[in-house]
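Enquirer:
Residue numbers (this note's numbering), protein chains in the order written: chain A, 1 to 308; chain B, 309 to 740.
1. From this set, B/523, B/628, B/662, B/629, which residue's C-alpha is nearest residue 605 of chain B's C-alpha?
2. Tell me which residues share the same chain as residue 708 of chain B and place their Cβ nearer than 6 angstroms to its Cβ, disregarding the 5 neighbours each side in the sequence.
3. Using DSSP with H/G/I as helix, E/B as strand and the rest coil, what is residue 5 of chain A?
4. Using only alpha-carbon positions, find the residue among A/64, A/209, A/197 that is nearest to residue 517 of chain B.
5. From the DSSP output, read off the bridge partner residues of residue 184 of chain A.
6. Would you check if there are 3 or more beta carbon pairs closer than 8 angstroms linking the segment 712-722 of chain B to the segment 622-632 of chain B?
7. So which residues of chain B does residue 116 of chain A contact, with C-beta pairs closer than 8 angstroms?
8. DSSP three-state call for residue 339 of chain A: helix, strand or coil?
9. Give every residue of the same chain whose Cβ lies closer than 7 angstroms to the Cβ of residue 128 of chain A, excluding the five residues on either side of it in the sequence, and list them in chain order.
10. Report the neighbours of residue 742 of chain B on chain A: residues whose CB is nearer than 7 angstroms to its CB, in chain order.
11. So which residues of chain A does residue 636 of chain B contact, with C-beta pairs closer than 8 angstroms?
12. Would you please state the rounded distance, in angstroms, between the beta carbons of residue 293 of chain A and residue 62 of chain A? I believe it to be under 8 angstroms.
13. Take residue 448 of chain B as the anchor and find which of B/463, B/487, B/407, B/498 has the nearest alpha-carbon.
14. Give me the Cα-Cα distance between residue 586 of chain B and residue 297 of chain A, rounded to the nearest whole angstrom.
15. Taking only runs that begin and end inside the segment 356-443 of chain B, name each unbroken beta strand (DSSP E) of 3 or more residues, in chain order.
16. With a 10 Å radius around its C-beta and 16 neighbouring C-beta atoms as the bar for buried, classify residue 168 of chain A as buried or exposed.
17. Can the beta-carbon of residue 370 of chain B be found closer than 9 angstroms to that of residue 676 of chain B?
18. Going by DSSP in three states, residue 282 of chain A sits in which element: helix, strand or coil?
19. How many angstroms separate the CA atom of residue 723 of chain B from the CA atom of residue 652 of chain B?
20. If you draw a straight line from the alpha carbon of residue 720 of chain B to that of residue 701 of chain B, how long is it in whole angstroms?
21. I need the straight-line Cα distance from residue 488 of chain B to residue 324 of chain B, nearest angstrom please.
22. Name the chain A residues that come within less than 8 angstroms of residue 510 of chain B, Cβ to Cβ?
23. Whose CA, out of B/485, B/731, B/484, B/668, lies closest to the CA of residue 569 of chain B?
24. Is residue 103 of chain A helix, strand or coil by DSSP?
25. Report all residues from its chain with a CB closer than 6 angstroms to the CB of residue 84 of chain A; omit the five preceding and five following residues, and keep chain order.
26. Would you tell me roughly how many angstroms separate the C-alpha atoms of residue 258 of chain A and residue 279 of chain A, rounded to the nearest one?
27. With 8 angstroms as the C-beta to C-beta threshold (strictly closer), list the residues of the segment 434-464 of chain B near chain A in chain order.
28. Are residue 436 of chain B and residue 481 of chain B touching if we call contact CB-CB under 9 angstroms?
29. Can you find at least 3 beta carbon pairs, one from the segment 588-600 of chain B and one from the segment 672-688 of chain B, that sit closer than 8 angstroms?
30. Taking the C-alpha atoms as reference points, what is the distance between residue 600 of chain B and residue 330 of chain B?
31. Since residue 632 of chain B meets chain A, which of its residues come closer than 7 angstroms, beta carbon to beta carbon?
32. Below 9 angstroms between beta carbons: does that hold for residue 304 of chain A and residue 73 of chain A?
33. Please identify the residue among B/732, B/535, B/574, B/519 whose C-alpha is closest to the C-alpha of residue 636 of chain B.
34. Residue 536 of chain B to residue 270 of chain A, Cα distance in whole Å?
35. Could you pull the DSSP bridge partners for residue 297 of chain A from this structure?
36. So, under 8 angstroms CB-CB, residue 218 of chain A and residue 157 of chain A are touching, yes? Tell me the CB distance rounded to an integer number of Å.
Below, the structure is given as structure tokens:
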């Protein structure tokens, strides 16, 4: 199978075959990162621009390392150093970058749909590295890869996603990815963090974490953004940690071999207790980061490296 | 100049007319309406030349009246000027338009009102009627000088775009305006409920990750304002109704005898929130495009008379306002040149009859604004629109007279078009 897309904008558009192709390609790249000399010439002479309008350490570094290990030239533009502060529009920035002939533009933006706007106007490949509360497809792909490695198969698994679903692009991309791959997805969070009609995405919704994680094979904890407290979306961190945090007490409801995931950065002691986050019998959180590089290498390769 | 329009079907809901009638125009007024006028008029005025316009297959209606337009001048001339907006109006079949006060400066004083009226007179196109602000700078704190504004020429009051959150201010505005027979037009939106909202709240806002504007943001204010109007025994006009709940509240209020009237815009009975899936900012409008059930309810409201008026809510913008991230894009659709054709679709799906539709675009808005327009009565100003009901055309924003090329209908094939627009007896638009 050949990867035919110009852009990777979201999990919503991907077929099961495409997801499998990306995961298989990623698996073949995994080994490169374990070599003493972690570099292959695959994308030599290609230029990748990381255009980040939102602060990010993990995702930006991951894309940069992925590009460099494939011998591409990677350039980072972050909001603080970009022309955005001078009031240039996204499209003008895009046209300027386009004029310099890069091969891929990786974009993160606080506005949902910004990568779609960019992809419409530039001829280069665009990868969505997170747009507002919409999608974060590379995170979902690395999550699928992590689950697959630990569980062998994704179909039939029960996956619980817990926390602020409303503001989470990770949740949306994972719901698309997991349901396409045949997993059963359940959600839990305070009612104020569950977006309207979310059930129509093919998930079951609970108002208590305990109900959602019963017999779960996988638990994904979402980061709670502290500033949401000011918007009265939850009353206090204390109550949130007590009612929606994952800790040694409630994790027993899940299957004994459950794995725990978190897209990071974690609020230790809020959505996840350090006892769980650091327990290698549950936590695969650092494994997710590891898979992130491989998935992003695979995507860069498939989008610009010929991909056959 | 004298004009004789012959051979068309004439529909004038203000006189319950729907028949094959001719119309004779003299000195800017409608001189006579009747069957087979051709012979009689010629014999009456043998010396003077009468231009005879034969209109077989066409429909003659009173000049269309749009009570909700944004003309952007003064302040945002790159989006629209009074002249370009008035030109767009006649191209869309509108002979009279009321322009909202959210210009820069806001039309909250006599000087701005007089400026608009002067510019409109210079444009020599559609009749332009300014709407004055309810509160100074539309800031929702202090009432403007209603008397002075009325004397300067405003026909209604509104803080359109900025709902009046202070219920006590709304009460005072309704009472004071009512004593002057000035209609008050309210943009119903609870800004706390709609805070940061970008589109209708529902399944599509959820999957698109865009902050939702719940239907209750509109309905809470519709309910509040109906209660205030009922209590103070004053008249209230509700702008751009978009939700099923609003339709229900207005229907119930009318049944109780509350003096409430309402309008909707073509996009609220044509498009749903599903259209936003491409993040195309041309679909971004406030109130937002709602669900399929809301569209159905709006149509029912039009059909049973709950909604009195179809208004464009013409909101022209420049490219720079729309070619940005969805979140940062301006709200609004440039509507004057597509409104009639979209409204004609209501005939095809049997929502409305011809006279019902024309009433909602002529005499109904004219009555709400206390204008002697929207009628073909003898002696009235000769404001006339001729519609070719079968004309097929493709929307091309580059061909718009409006400076606002922001239309989600670009490229759409339409059926029905205004082909002749006459204002004060003069042909202002001719596309026969």
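For glycine and all other residues, C-beta sits at the position ideal for the given N, C-alpha and C.
Expert: On the basis of the data shown:
1. B/523
2. 645
3. coil
4. A/197
5. As computed with DSSP, residue 184 of chain A is found in a beta bridge with A/158.
6. yes
7. 586, 587
8. The requested residue 339 of chain A does not occur in the structure, where chain A is confined to residues 1 to 308.
9. 8, 9, 10, 107, 115, 135, 137
10. Residue 742 of chain B lies beyond the range of chain B shown here (309 to 740); nothing can be said about it.
11. The contacting residues are 111.
12. Between residue 293 of chain A and residue 62 of chain A a beta carbon distance of about 5 angstroms is seen, short of the 8 angstroms cut, so the two are scored as contacting.
13. B/498
14. 28 angstroms
15. 358-362, 367-370, 372-377, 402-407, 435-440
16. buried
17. no
18. coil
19. 8 angstroms
20. 8 angstroms
21. 30 angstroms
22. 196, 197
23. B/668
24. coil
25. Confidence in residue 84 of chain A is poor, its pLDDT being 49 and thus under 50, which makes the residue's placement unreliable; the coordinate value appears in the next sentence. Result list for residue 84 of chain A: empty, nothing under 6 angstroms.
26. 12 angstroms
27. Within the segment 434-464 of chain B, no residue has a Cβ that lies closer than 8 angstroms to any Cβ of chain A.
28. no
29. no
30. 42 angstroms
31. 89, 90
32. no
33. B/519
34. 47 angstroms
35. None; residue 297 of chain A has no bridge partner.
36. 6 angstroms
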